[in-house]
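I have placed the structure first, in the form of structure tokens, so that the comments after it can refer back to it.
In UniProt numbering, the protein residues as written are 1 to 273.
Here you go:
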């Protein structure tokens, strides 16, 4: 399949990145998610002052995802009022999000699980007359075990590439100073990060971020602590580990020297020595 036939190139001359899901601005040009905001591409349409019926400037509603303070998609495309906000909300959970979190997979949509359960329930009901005999004591066959991870190096590399593409679409800059920046794609590393406080009733939190490959792991740890609102502690230390074997990443090395693209990491609090 020709990937160039899907999506379009960002209209910003200094970017021109091919985006699979470009967004059209009020100036009738299409941009990638990094340059859709009017101030990122010097939008001509945004020069007109947007005023509410009461005569005061219209405030931008913010993304409903915890930890994200970006404006809603409707505020970037000229939406006004609840009639546009409700139309742009997620069809599964009914909430509204920014450009980066508008897809169900990127905001851990609660409606996905409900839809999947409903589909499975209807599928089971439709097959029930053929699978079971109500007049007999038939015991269903055991559920087939799921296959483990592929040991084929070619398949593993292909799956790693697919996971990297998915992360690239939903990731956000881990360093705030890189928001809307022109860091080349080949100089970025994308990671999934999980954090769950020990002894806390709060659910596990996670996020998908990208960092510049040359950034030190210690700096990444500080940025992630701010992202997850983890306060400093005198009795415990925060470490960044691989999610699969919980091995700690050395803080003095560049992040790209310790992990590969599309890796899963975990933030851990351990008692100070």
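Heads up, the beta-carbon is just placed ideally off N, CA and C, and yes, glycines get one too.
So residue i is in the beta strand (DSSP E); what residue range does that whole segment cover?
i, result
"residue 271", "263-271"
Measuring alpha carbon to alpha carbon, tell me which residue in the options is nearest residue i.
i, options, result
"residue 20", "9, 26, 27, 160", "9"
"residue 260", "90, 189, 253", "189"
"residue 66", "252, 101, 272", "101"
"residue 191", "182, 177, 221, 181", "221"
"residue 262", "242, 250, 247, 251", "242"
"residue 68", "265, 207, 240, 230", "207"
"residue 43", "64, 11, 157, 72", "11"
"residue 167", "185, 178, 72", "185"
Reducing DSSP to helix, strand and coil, say where residue i ends up.
i, result
"residue 218", "helix"
"residue 107", "helix"
"residue 19", "strand"
"residue 173", "strand"
"residue 38", "helix"
"residue 62", "strand"
"residue 100", "coil"
"residue 45", "helix"
"residue 95", "coil"
"residue 14", "coil"
"residue 182", "coil"
Return the bridge partner residues of residue i from the DSSP annotation.
i, result
"residue 241", "248, 266"
"residue 24", "30"
"residue 189", "211"
"residue 118", "None; residue 118 has no bridge partner."
"residue 236", "271"
"residue 205", "195"
"residue 8", "19"
"residue 71", "62"
The alpha helix (DSSP H) that contains residue i, what's its start and end?
i, result
"residue 162", "153-170"
"residue 257", "255-258"
So, at 7 Å on beta carbons, what are the nonlocal neighbours of residue i in its own chain, with the 5 sequence-adjacent residues on each side left out?
i, result
"residue 228", "195, 205, 267"
"residue 256", "189, 213"
"residue 237", "270, 272"
"residue 187", "212, 213"
"residue 160", "262"
"residue 171", "190, 208, 209, 210"
Starting from the C-beta of residue i, find all residues in its chain whose C-beta is less than 6 Å away, skip the five residues before and the five after it, and write them out in chain order.
i, result
"residue 174", "209, 211, 223"
Near residue i, which residues of its chain fall below 8 Å by C-beta distance, leaving aside the five closest residues on each side in sequence?
i, result
"residue 254", "213, 214, 215, 216, 217"
"residue 90", "96, 97, 102, 104, 107, 109, 111"
"residue 265", "191, 192, 193, 194, 240, 241, 242, 243, 249, 259"
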